[in-house]
Each structure stands twice: as C-alpha cells, then as structure tokens.
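Following: one structure in structure tokens, then a few remarks.
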Amino acid sequence: MIRKLAFVSAVALMFTGCASTQKSPPLKARQVDLSPFIEHPAEMKPQRERAPFSLVWVTPELPARRAAYRSIYIAPVDTRHLRAAKTTLSTKVTGKLKRDQPVGEFASLMRSSFADAFKNSPAPRLRLASSPQSGGVTLQLALVELNPTDGAGNVVKTAAPYGGVLSPFTGGSVAIEGKVRDSATGELLFEFADTEKDKSSLVSARDFQPYAHAKVAIAEWAAQFEELTRTPPDHKVKDSLFFTLNPL
Numbered sequence: 000m001i002r003k004l005a006f007v008s009a010v011a012l013m014f015t016g017c018a019s020t021q022k023s024p025p026l027k028a029r030q031v032d033l034s035p036f037i038e039h040p041a042e043m044k045p046q047r048e049r050a051p052f053s054l055v056w057v058t059p060e061l062p063a064r065r066a067a068y069r070s071i072y073i074a075p076v077d078t079r080h081l082r083a084a085k086t087t088l089s090t091k092v093t094g095k096l097k098r099d100q101p102v103g104e105f106a107s108l109m110r111s112s113f114a115d116a117f118k119n120s121p122a123p124r125l126r127l128a129s130s131p132q133s134g135g136v137t138l139q140l141a142l143v144e145l146n147p148t149d150g151a152g153n154v155v156k157t158a159a160p161y162g163g164v165l166s167p168f169t170g171g172s173v174a175i176e177g178k179v180r181d182s183a184t185g186e187l188l189f190e191f192a193d194t195e196k197d198k199s200s201l202v203s204a205r206d207f208q209p210y211a212h213a214k215v216a217i218a219e220w221a222a223q224f225e226e227l228t229r230t231p232p233d234h235k236v237k238d239s240l241f242f243t244l245n246p247l
C-alpha cells in the first residue's frame, strides 16, 4: 500500500513541474452531452437571468398558462441514460475494480429531495401530489452522470506538495436532466439540464466520501427548481456556490 501511495505522490510531483503554467480548473462543472431523455437538444440554452441550470428550454405558451397549474407530481427517476462512472486516480494506481454506482439509492434520493423541497418550502405555489392530476404538472427527472469523489486520492492530494493539481483526477460529479409536462395532456412545457462537480474547500469531510458532494448538489437542485416554480418571471434564481466553508 505504501508503494502505491508513493506512486500517487510521484504523479503529483510530476504535475508540479508544470504547475506554474497550468490553468485553474473551471469554477463550474462542464456541461455533459445531453442524453436522449431531452427532447429539444438543439434548442437548449442558458437562461442565467432566470434559471441557474446550464441549459434550459421553455415552451412559449408556458408564461400565459403557468398560473393555472396548482399541483406537481414527481415521477420516479429515469436512470436508463446513466453513463458509466469514470475511473478514479486511486483505482488506476491500486488496480482495484470500480465499485458499482448506487443507482437505486440515488434515484430514490433525487425523487425524495425534490418532493421535500415542496413540502418544506416557505411558500410553495404548487401542491405536491401523489399522482398526476388535472390542473397540475408532472416533473420527470433523469440521473445521467454519477462520478464518485476519490477519497483515497484526496488523502494523497492533501498531503502531497502542490497536490491541488490532482483535483481534476480525484473530484466527482453528478448530472441531472428534467422535464415538466402538463399532467392531463402530456404536453411538454419545460426542460433543463445541469452538472455539478465537487465544491472547492479548504477542508471538508465530503472530500473523503464517494458521494457526499453529489447529495448536496441534488438537494440544491431541488431547492432551486422549487424556487423557480413559485417566483415571477423577472426573478433570478441564484446558482449554487462553487465552494463551501462547511467542513462536514
């Protein structure tokens, strides 16, 4: 094990030779390619003045019809388009096989997190429904990316000189896609897609757990989406911060 960790340290040192010329990693995660879950891929674009998601599509009819909707049903999460997890740095070094992605756990977590956002909202405009209802909308969600944080790699990164250059090889990411339909007619009203990577921090216990950062990202998406449903068109829903001061 010592020899393997020493090898990882050597990788870190190899990067330090060009550390002064390395560009800083982007503050926001890259936007992954859209999956077939999205029905208007060519028309998806950022709308940062309103929504915090990387890409959005809105039907032109939605503003006039929005006030008529009173309930929201959150459908089971679609995982058919989930991409295979990337290989982590420590996996490459140790030669151990990647662990299976906790697909079922995260599908349930995503659905319950969005439901909780409406249950716990200070002033929800849409009532959470247990089934699709006339006069309501249905939220369909897809989990399309779930890359674990490399805890073992982060241990070495923290101890190694200039270990920060290893961040792109030890960080995790999670990506979501969503669609809102008229529950009665099935008409598509809204689509969104977003990706989040691990938040930067001085010290965080999340850096040493495989999916702790992903759980935070899902909770933030749920709160942002709920805020979007109850605020006027000129209200900007703020994006999540790329860093955290919370050590837990």
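Heads up, the sequence shown is in numbering that gives the first Met the number 0, so the first residue is 0 and it goes up one at a time.
Note that CB positions come from ideal geometry on N, CA and C, so glycine has one too.
In this text, all values refer to a predicted model and were calculated from it rather than measured experimentally.
Residues bridged to residue i [DSSP beta-bridge criterion]
| i | result |
| --- | --- |
| A192 | L54 and E176 |
| D77 | A141 |
| L187 | R180 |
| K85 | In DSSP, K85 forms no bridge with anything. |
Short Cβ contact (8 angstroms threshold) for residue i with residue j
| i | j | result |
| --- | --- | --- |
| P123 | R229 | yes |
| E38 | E190 | yes |
| A117 | I175 | Checking the displayed sequence, the identity of residue 117 turns out to be Phe instead of Ala. Going by C-beta atoms, F117 is not nearer than 8 angstroms to I175. |
| A216 | E195 | yes |
| V55 | P45 | yes |
| S112 | N146 | no |
| L33 | A192 | yes |
| R69 | R110 | no |
| S129 | A183 | no |
| H264 | F52 | Any answer about residue 264 is impossible in this case: the structure gives the chain only from 0 up to 247. |
| T58 | L227 | no |
| P209 | T148 | yes |
| E225 | S120 | yes |
| R180 | V143 | no |
Host beta strand (DSSP E) of residue i (start-end)
| i | result |
| --- | --- |
| T137 | G135 to N146 |
| I249 | This structure cannot speak to residue 249, because the chain is shown only from 0 to 247. |
| L127 | R126 to A128 |
Unbroken alpha helix (DSSP H) run spanning residue i, endpoints
| i | result |
| --- | --- |
| E60 | Premise fails: E60 is in no alpha helix (DSSP H) and is neither H nor E. |
| I217 | A211 to R229 |
| E104 | V102 to K118 |
Residue-level contact to chain C via CB, residue i, 8 angstroms cutoff
| i | result |
| --- | --- |
| Q46 | Given the protein chain composition of this structure (a single chain), no chain C is represented. |
Check whether the segment 133 to 151 and the segment 71 to 90 touch, using three or more Cβ-Cβ pairs below 8 angstroms as the test.
In short, these stretches touch, since the Cβ pair count reaches three.
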